[in-house]
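A.B. asks:
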Amino acid sequence: MPSTTPAETSRLTYPYGYTDGQNHRLLLRTAVDGNGQPYVWVQAENLAVGGDVAAVWLSLEQAASLCAALDEGQAHHVTDYTGDLLQVQPGSPWTTFEVTQQANDDEESAAVRVVVLTGRLPELREALATTAQFAQQRIAAGARKPVVLTPAEHDRAWHAIEGAAGEPGADPGTILRAVLGALQILPPSAEDWQAAREELHARVRRQDGAPHRAR
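Residue numbers (our numbering): 1 to 215.
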């Protein structure tokens, strides 16, 4: 089952959301399935009490095709790997996005239509491309190979642990610094720690608005 993940963008709010005049919202986020494959998660929601929610999980190729269709002002439809459907119908002065979710063992079928003003389409297309880029970064991150120590590096780290652990008042930080020094690895700077703390705080705030319904 896919799960969402947060990310940052300096130009657009993430996750990107658009709410039309009928109180229907279109939401874009990154998602990943049980096999670690990344997707662009597109959800349409009727924000009225008890309103329907429907979502599709676009592959990176499907997201690119949708971006191209939006750029050219063409009608577009796509079916995701679960059988759920996204239909885009351009018009003036708006474009209609309709997400249709098939019934399954846990949920009834649902269809939600969001009307996006033509003037906001470039913004939505940029948000879609940015979200796809975040999803692509998941592939790159997953492809990174773990660092394997050479026998010499392992020995240096081992001896550094032995030496540091014997120092008066040695604590885990002392030992870690000794190991990093033996391996010639720089620890995070003060600026790195500050940025990490700010990212953590921002992530907690974003998770307060995480979707309450998962497929």
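Glycine is no exception: its CB is placed at the ideal position from the N, C-alpha and C atoms.
Could you tell me the distance, in whole angstroms, from the CA atom of Y16 to the CA atom of R29?
C.D. replies: The sequence position of residue 16 within the sequence shown is 16, counting from 1. The sequence position of residue 29 within the sequence shown is 29, counting from 1. Distance between the alpha carbons of Y16 and R29: 7 Å.
A.B. asks: Return the Cβ separation of G181 and A160 in integer angstroms, given the expectation that the two are a contact with Cβ distance under 8 Å.
C.D. replies: Within the sequence shown, residue 181 is the residue found at index 181, counting from 1. Within the sequence shown, residue 160 is the residue found at index 160, counting from 1. Between A160 and G181 the Cβ distance is about 7 Å, and since that is below 8 Å, they are a contact.
A.B. asks: From L60 to E162, what distance separates their C-alpha atoms?
C.D. replies: Against the sequence shown, residue 60 aligns to sequence position 60. Against the sequence shown, residue 162 aligns to sequence position 162. If you take the alpha carbons of L60 and E162, they lie about 49 Å apart.
A.B. asks: When you compare the region 61-70 with the region 43-52, are there three or more beta-carbon pairs, one atom per stretch, that lie closer than 8 Å?
C.D. replies: Touching, no, given that fewer than three Cβ pairs across the two stretches are closer than 8 Å.
A.B. asks: Report all residues from its chain with a CB closer than 8 Å to the CB of I83; omit the five preceding and five following residues, and keep chain order.
C.D. replies: Sequence index remark: in the sequence shown, residue 83 carries index 83 (1-based). Note on identity: in this sequence residue 83 is Gly, with Ile being the wrong assignment. Q102.
A.B. asks: Can you tell me whether D80 is buried or exposed? The criterion is at least 16 other CB atoms within 10 Å of its CB, across all chains shown.
C.D. replies: Counting from one through the sequence shown, the residue named residue 80 turns up at place 80. Result: buried.
A.B. asks: For the alpha helix (DSSP H) containing P151, list its first residue and its last residue.
C.D. replies: Taking the sequence shown and counting its residues from 1, the one referred to as residue 151 is at position 151. It spans 151-165 - the alpha helix (DSSP H) in which P151 sits, taken as one unbroken run.
A.B. asks: From which residue to which residue does the alpha helix (DSSP H) around Q62 run?
C.D. replies: Mapped onto the sequence shown, residue 62 falls at position 62. Counting along the chain, the alpha helix (DSSP H) containing Q62 begins and ends at 60-72.
A.B. asks: Assuming T82 is part of the beta strand (DSSP E), what are its boundary residues?
C.D. replies: If you number the sequence shown from 1, residue 82 lands on position 82. It is not in any beta strand (DSSP E) - T82 carries neither H nor E in the DSSP assignment.
A.B. asks: If you check the beta carbons only, do H24 and A54 fall under 8 Å apart?
C.D. replies: Position 24 of the sequence shown, counted from the first residue, corresponds to residue 24. Position 54 of the sequence shown, counted from the first residue, corresponds to residue 54. Result no, Cβ atoms of H24 and A54 do not sit closer than 8 Å.
A.B. asks: Assign A216 to one of two classes, buried (16 or more other C-beta atoms within 10 Å of its C-beta) or exposed (fewer than that).
C.D. replies: Given that the chain is displayed from residue 1 to residue 215, the structure contains no residue 216 and the question cannot be resolved.
A.B. asks: Is there at least one Cβ from chain D nearer than 8 Å to N35's Cβ?
C.D. replies: Looking at the structure shown, chain D is missing, and only one protein chain is on hand.
A.B. asks: If you follow the beta strand (DSSP E) that L26 is part of, which residue opens it and which one closes it?
C.D. replies: For the purposes of this step, residue 26 is taken as the residue at position 26 of the sequence shown. Taken as a continuous stretch (DSSP letters only), the beta strand (DSSP E) holding L26 covers 24-32.
A.B. asks: Is the Cβ-Cβ distance between V32 and T131 less than 8 Å?
C.D. replies: The residue given as residue 32 occupies position 32 in the sequence shown. The residue given as residue 131 occupies position 131 in the sequence shown. It is not a contact, given that the beta carbons lie outside the stated cut-off.
A.B. asks: Put Q136 into one of helix, strand or coil per three-state DSSP.
C.D. replies: Position 136 of the sequence shown, counted from the start, is the residue given in the question as residue 136. Reduced to three states, the DSSP call for Q136 is helix.
A.B. asks: Given a threshold of 16 other Cβ atoms within 10 Å of its Cβ, counted over all protein chains shown, does A152 qualify as buried or as exposed?
C.D. replies: As a working note, residue 152 is residue 152 in the sequence shown. Burial call: exposed.
A.B. asks: How should L26 be labelled, buried or exposed, when 16 other C-beta atoms within 10 angstroms of its C-beta is the threshold for buried?
C.D. replies: Position 26 of the sequence shown, counted from the start, is the residue given in the question as residue 26. Buried, by the Cβ-count rule.
A.B. asks: Measuring only the C-alpha atoms, how far is E167 from I175?
C.D. replies: Within the sequence shown, residue 167 is the residue found at index 167, counting from 1. Within the sequence shown, residue 175 is the residue found at index 175, counting from 1. Cα to Cα, the separation comes out at about 9 Å.
A.B. asks: Classify P188 as helix, strand or coil using the three-state DSSP reduction.
C.D. replies: Counting from one through the sequence shown, the residue named residue 188 turns up at place 188. It is coil, neither helix nor strand.
A.B. asks: Entirely within the region 84-128 and at least 3 residues each: give me those beta strand (DSSP E) ranges in chain order.
C.D. replies: As far as the region 84-128 is concerned, its whole beta strand (DSSP E) runs of at least 3 residues are 85-89, 94-101, 110-117.
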